[in-house]
Amino acid sequence: MTISLAQLRRCSAAVDLGAARTRVYVKNQGLVVDEPTVAAVNTRTGALLAVGAQAEVMDGRTPDYIRVVRPVSGGTVVDIEMAQRLLRTLVGDKLRKTWRRRPTMRAAVCLPYGSEPLAQRAAVETLTGLGARRVELVDTLVAAAIGSGLPVEQPEATMIVVCGAGTTQVAVLSLGSIVAAETVQVGGNAIDHAVIQHLRLHHELMLAGQAVRPLQLILSGGDGRTPGSTEVHGRDVVSGMARSVHVDTERVLDAITTPLTAILDGIGAVLRRCPPDLVADLGERGIMLAGGSALIPGLEPMIHQATTMPVHTADRPDTCAVMGLGAMIEGKVQPLHLDPMAP
2 MTISLAQLRR CSAAVDLGAA RTRVYVKNQG LVVDEPTVAA VNTRTGALLA
52 VGAQAEVMDG RTPDYIRVVR PVSGGTVVDI EMAQRLLRTL VGDKLRKTWR
102 RRPTMRAAVC LPYGSEPLAQ RAAVETLTGL GARRVELVDT LVAAAIGSGL
152 PVEQPEATMI VVCGAGTTQV AVLSLGSIVA AETVQVGGNA IDHAVIQHLR
202 LHHELMLAGQ AVRPLQLILS GGDGRTPGST EVHGRDVVSG MARSVHVDTE
252 RVLDAITTPL TAILDGIGAV LRRCPPDLVA DLGERGIMLA GGSALIPGLE
302 PMIHQATTMP VHTADRPDTC AVMGLGAMIE GKVQPLHLDP MAP
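With this note's numbering applied, the sequence shown corresponds to residues 2 to 344, in that order.
Structural data, given as structure tokens:
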């Protein structure tokens with residue numbers, strides 16, 4: 002995927018189709034859509050019942066004839082038709098009419114690093130079905146780095162770690178391009194699964210996936226306190242009855258350490274492939290965390306301990322990619338001009 006800022010400036014919309022959330026940035030309007038990438042469908046009639054937050058609440062609470070689907074997995078569109086219906090509903094009638102008035106409407110979309118041609122084609126078909134005449138593909142790593150405020154266009158190293166729901170992408174950038182990158186098949190969903198398994202094995206409690214997020218908020222101290230234990234409600238594995246237990250937060254943090262080590266391995270692999278000069282730059286500048294799962298408890302101190310580099314988390318890590326893509330289509334990113342020297 003090549004990035005041409007001149008072509009991106011012709012785009013009127015930027016889309017981040019994530020496995021967890023879908024975000025749409027419209028030129029001169031800003032971020033207009035930020036909803037979960039979830040849809041609820043009636044399997045008997047094929048009707049779309051709800052999308053976004055309304056559909057996410059239905060997950061695990063629907064009768065047999067209602068199915069809650071996620072058309073995007075790991076940043077890749079796996080169900081083009083459902084993704085189009087989801088976007089069509091989220092964008093709304095008013096915005097779609099605005100787009101239709103422009104017969105040459107262009108859109109930009111973020112894709113994970115190293116996406117296969119089939120995944121790129123799926124993203125293009127999803128947006129062309131919404132009315133786009135041309136779709137520009139941009140690496141999520143570059144967009145997230147720009148959205149985090151990193152000077153990616155300068156001849157110095159910047160390191161970005163994008164923690165998504167399905168995968169974690171690691172890259173070192175310089176002069177607006179990716180020098181080395183790695184994709185790790187571990188994300189927020191794997192952390193949630195580790196917490197659920199810990200509660201099932203050690204407390205015989207079945208916990209719904211949606212109940213893991215509030216637990217992680219407590220673990221990270223995001224609620225203003227970091228207790229030694231917290232009360233968790235779920236279903237007893239043996240009796241099937243509702244039950245609540247007090248969970249030791251330290252043991253839960255130990256449980257999620259194992260999947261987090263895969264992210265450390267990915268960071269180490271990227272650093273080993275970088276020239277020494279760039280690694281020296283990173284020793285001063287540090288590592289930037291972005292993505293919706295960047296606030297996983299224990300991730301930032303673990304990376305700092307393993308690399309001895311400063312680790313920073315973006316101000317709005319969840320929207321870094323779409324805001325960086327929006328900055329590119331707005332023309333706020335200026336590349337470093339390198340004029341060829343005369344012989």
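Yeah, the Cβ is synthetic: ideal placement off N, Cα and C, and Gly gets one too.
Query                                                                                                                                                                : Result
In angstroms with no decimal places, state the Cα-to-Cα distance between VAL143 and GLN186.                                                                          : 19 Å
According to the neighbour-count rule (16 or more other Cβ atoms, all chains shown, within 10 Å of its Cβ), is GLU44 buried or exposed?                              : Per the sequence presented here, residue 44 reads as Thr, with Glu not at that position. With fewer than 16 Cβ atoms within 10 Å of its Cβ, THR44 is classed as exposed.
Below 8 Å on the Cβ atoms is my contact criterion, and I expect ALA1 with PRO260 to pass it. Report the Cβ-Cβ distance as a whole number of Å.                       : Examination of residue 1 is not possible in this model, given that the chain is present from 2 through 344 alone.
Classify ILE67 as helix, strand or coil using the three-state DSSP reduction.                                                                                        : strand
List the endpoints of the continuous beta strand (DSSP E) containing ILE179.                                                                                         : 178-185
Please list the segments of the beta strand (DSSP E) lying wholly inside the stretch 133-170, counting only runs of 3 or more residues, in order along the chain.    : 135-140, 159-164
Express the C-alpha separation of CYS111 and ASN29 in angstroms, rounding to a whole number.                                                                         : 19 Å
Among GLY235, ALA109, VAL39, whose alpha-carbon lies nearest the alpha-carbon of GLY327?                                                                             : ALA109
If you drop the 5 nearest sequence neighbours on each side, which residues of the same chain put their C-beta closer than 6 Å to that of SER245?                     : GLU232, HIS234
Is the beta carbon of THR159 closer than 7 Å to that of LEU151?                                                                                                      : yes
Quick check on the DSSP output: the beta strand (DSSP E) that includes ALA291 runs from which residue to which?                                                      : 288-291
Would you call the stretch 170-187 in contact with the stretch 300-320, where contact means no fewer than 3 C-beta pairs closer than 8 Å?                            : no
Hey, does MET242 have any beta-carbon neighbour from chain C nearer than 7 Å?                                                                                        : Within the model displayed, chain C is absent; a lone protein chain is all it includes.
At the level of alpha carbons, what is the spacing between PRO298 and PRO64?                                                                                         : 35 Å
Per DSSP, TYR26 forms a beta bridge with which residues?                                                                                                             : ALA15, LEU32
THR77 and ALA40 - do their beta-carbons sit closer together than 7 Å?                                                                                                : no
Give me the residue from THR184, ARG135, LEU208 with the minimum Cα distance to HIS194.                                                                              : LEU208
Return the chain-ordered list of same chain residues with a C-beta closer than 8 Å to the C-beta of MET83, the five sequence neighbours on each side being excluded. : ALA40, VAL42, VAL70, PRO72
Can you tell me which of the three DSSP states LEU296 falls into?                                                                                                    : coil
Any chance the stretch 165-172 sits against the stretch 119-135, with 3 or more Cβ pairs inside 8 Å?                                                                 : no
Taking the straight line between their C-alpha atoms, what separation do you get for LEU18 and THR38?                                                                : 8 Å
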